[in-house]
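Everything on this sheet refers to the single structure shown next.
2 protein chains.
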Amino acid sequence: MPAHEQTATSPDGAPGDPGAPAPDVTAEIRAAIVRGDFAPNQRLVEADLSRQFGVSRSSVRSALFELTNEGLVERVQHRGARVRAVTVAEAVEISEVRMVVEGLCAAKAAERVTDAEAAELRALGEAMRAAVAEGHVLRYSELNAELHRRIVEISGQATAAAVLERLRGQNVRHRFRLALVPGRPNVSLVEHLAIIEEICAHAPEAAERAARRHLSSVIEALKAV
Amino acid sequence: MPAHEQTATSPDGAPGDPGAPAPDVTAEIRAAIVRGDFAPNQRLVEADLSRQFGVSRSSVRSALFELTNEGLVERVQHRGARVRAVTVAEAVEISEVRMVVEGLCAAKAAERVTDAEAAELRALGEAMRAAVAEGHVLRYSELNAELHRRIVEISGQATAAAVLERLRGQNVRHRFRLALVPGRPNVSLVEHLAIIEEICAHAPEAAERAARRHLSSVIEALKAV
DNA sequence: GGCGCCGGGATCGTCGACGATCCGTCGACC
DNA sequence: GGTCGACGGATCGTCGACGATCCCGGCGCC
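Protein sequence lines, in the order shown, are assigned to chains H and W.
Just so it is clear: in the first sequence, position 36 is 36 by the UniProt record's numbering, and no numbers are missing.
Just so it is clear: in the second sequence, position 10 is 10 by the UniProt record's numbering, and no numbers are missing.
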């Protein structure tokens, strides 16, 4: 029955199976934007996307709303949606907010971290060190995201987590570019290790300072590009 | 032609004028929640709201989505929406995030504030002082919101502004209760004046500390209730 | 020749109906 | 008597169609 297989991810003109649990169009469009299939400032016409993904216009519409308040899409009344182009200035602003909120999370994490979690963080740090040593930029980037995510998790701040989640999605593009700057991973690594150490030492204020120092360095690097 | 007039605000069973520019249902529901017409945890059934406000279910649906990511409404797949009840613990979390973000804004405002804006802030401070002296709690509360908003505006941080806007909406209820604590306005007033002074003195770090001190005090007051 | 007005096309906002999913309840079986 | 499974009501998610709004181009007028 190979002929019956259906590529749920392929955006062809499939008739759309009414029985299927509606594959998440939001996720698909988001992925397409992050991946670069939809260029910045490209218009996103509801009817087109509707045909392209094989779902109704309502679904596309709702997806575009969701992506709008994730900050990936811009909408103007009666004038449609387009992929949001995040300028460097905006990326800096976003990172500034991230700086203070992640600082808060680092402080809270330092207060609440358990021994098991501390060990986990240290293991992450070692993995990052290894990735940098071996020049695995992509791997390092993943671990980076993982570390930030894990710290927020340990902090137990649901509100901050939601805020950061949204902010982070907006400058995936700039983040990419940043990881490729020569020498950048080394600087970044040291800062990350410092954050880990302060959290494991249950030093809230020092952890906050370390987190802010790190993001501050990210901001400088952003400005330099 | 007085008979043709239509009370756009009255949520009766009017047939709904298709020519009308669709009064913003989102705003109406939001107002109803903030005002207390819809109690916390009350179920918000799309069909009911649809009849109640005289718009189609799709419009109500879209409004509920918007309110959901403003944090005023909770939604569960296939199980409907209800008014979100913000616990004290959540209100504290929200205020903690506000603390660091408003701290950032205060610092940026201190860097960018012009003389005209400084004068405006000082005038606001005086108005607040007068309101407290005369016991105008409501007036003070309004000026309070105005001050915070203005500082963010001066800071020029659009991202931070958006984040704060959303956070602020979520604990309107708790904010109300707080203003009524005896002696609270006096404490709050002093802190506000300190923020204003540091901003006007172009002292970013001091301004950030003052803003954090203020929010920190708000958090303590929240916990005490 | 430049400016303002007006139609055509494209696109969005709104609507009511259909199918799918979930919860509560009743009945049967162990 | 307790537990499991099936039925029914309620509610949500999705769909395609209609009307409204906006931009773009051509035409007339100054």
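The C-beta atom is built at its ideal place from N, Cα and C for all residues, glycine as well.
The model shown is predicted, which means the values in this text are computed figures rather than measured ones.
Neighbouring residues, chain H, relative to residue i (Cβ below 8 Å)
i, result
"F176 of chain W", "Neighbours of F176 of chain W on chain H: none; closest Cβ ~20 Å, over 8 Å."
"residue 226 of chain W", "Any answer about residue 226 of chain W is impossible in this case: the structure gives chain W only from 1 up to 225."
Expected contact under 8 Å - CB spacing of residue i and residue j to nearest Å
i, j, result
"H192 of chain W", "M99 of chain W", "Not really, about 14 Å apart at Cβ, beyond 8 Å."
"L124 of chain W", "L147 of chain W", "5 Å"
"L104 of chain W", "V97 of chain H", "7 Å"
"I94 of chain W", "N41 of chain W", "No, I94 of chain W and N41 of chain W are not in contact; Cβ-Cβ is about 18 Å, not under 8 Å."
"S141 of chain H", "V187 of chain H", "That pair is no contact at about 14 Å."
"E74 of chain W", "G169 of chain W", "Incorrect: roughly 14 Å between the Cβ atoms, too far for contact."
Any C-beta of chain W under 8 Å from that of residue i
i, result
"V157 of chain H", "Contrary to the premise, residue 157 of chain H reads as Gln rather than Val in this sequence. It does: the Cβ of Q157 of chain H has a partner Cβ on chain W nearer than 8 Å."
"N41 of chain H", "no"
"E205 of chain H", "no"
"A210 of chain H", "no"
Proximity below 8 Å, CB of residue i to CB of residue j
i, j, result
"L67 of chain W", "T26 of chain W", "yes"
"R184 of chain H", "A145 of chain H", "no"
"V113 of chain H", "H174 of chain H", "no"
"L143 of chain W", "A162 of chain W", "no"
"F53 of chain H", "L44 of chain H", "no"
"R150 of chain H", "L121 of chain H", "yes"
"I195 of chain H", "A179 of chain H", "no"
"E102 of chain H", "L215 of chain H", "yes"
"residue 309 of chain H", "V83 of chain H", "Only positions 1 to 225 of chain H appear in this structure, which leaves residue 309 of chain H out of reach."
"V88 of chain W", "V181 of chain W", "no"
"V92 of chain H", "K223 of chain H", "yes"
"R30 of chain H", "E46 of chain H", "no"
"C200 of chain H", "A118 of chain H", "yes"
Within chain W, partners of residue i - CB distance below 9 Å
i, result
"E96 of chain H", "L104, K108, Q157, T159, A160"
Under 9 Å from the C-beta of residue i: neighbouring residues of chain H
i, result
"E220 of chain W", "Simply none; closest approach about 16 Å."
"E93 of chain W", "G156, Q157, A158, T159, A160"
Beta-carbon neighbours of residue i, restricted to chain W and to distances below 8 Å
i, result
"N171 of chain H", "Those within 8 Å of N171 of chain H in chain W number zero; the least Cβ separation is about 10 Å."
is_contact[residue i, chain H] using C-beta, thresh 8 Å
i, result
"V152 of chain W", "no"
"V163 of chain W", "yes"
"residue 226 of chain W", "As shown, chain W starts at 1 and ends at 225. That puts residue 226 of chain W outside it, with no answer to give."
"F65 of chain W", "yes"
"N69 of chain W", "yes"
"R112 of chain W", "no"
"V83 of chain W", "no"
Closer than 7 Å at the beta carbon, the chain W residues around residue i
i, result
"N186 of chain H", "Neighbours of N186 of chain H on chain W: none; closest Cβ ~28 Å, over 7 Å."
Open item on the list: Three Cβ pairs or more, each shorter than 8 Å: is that satisfied between the stretch 101 to 112 of chain W and the stretch 203 to 220 of chain W?
Closed with: Result yes; three or more Cβ-Cβ pairs closer than 8 Å.
Task: Three-pair Cβ contact test at 8 Å for the stretch 153 to 167 of chain W versus the stretch 55 to 67 of chain W - done: no
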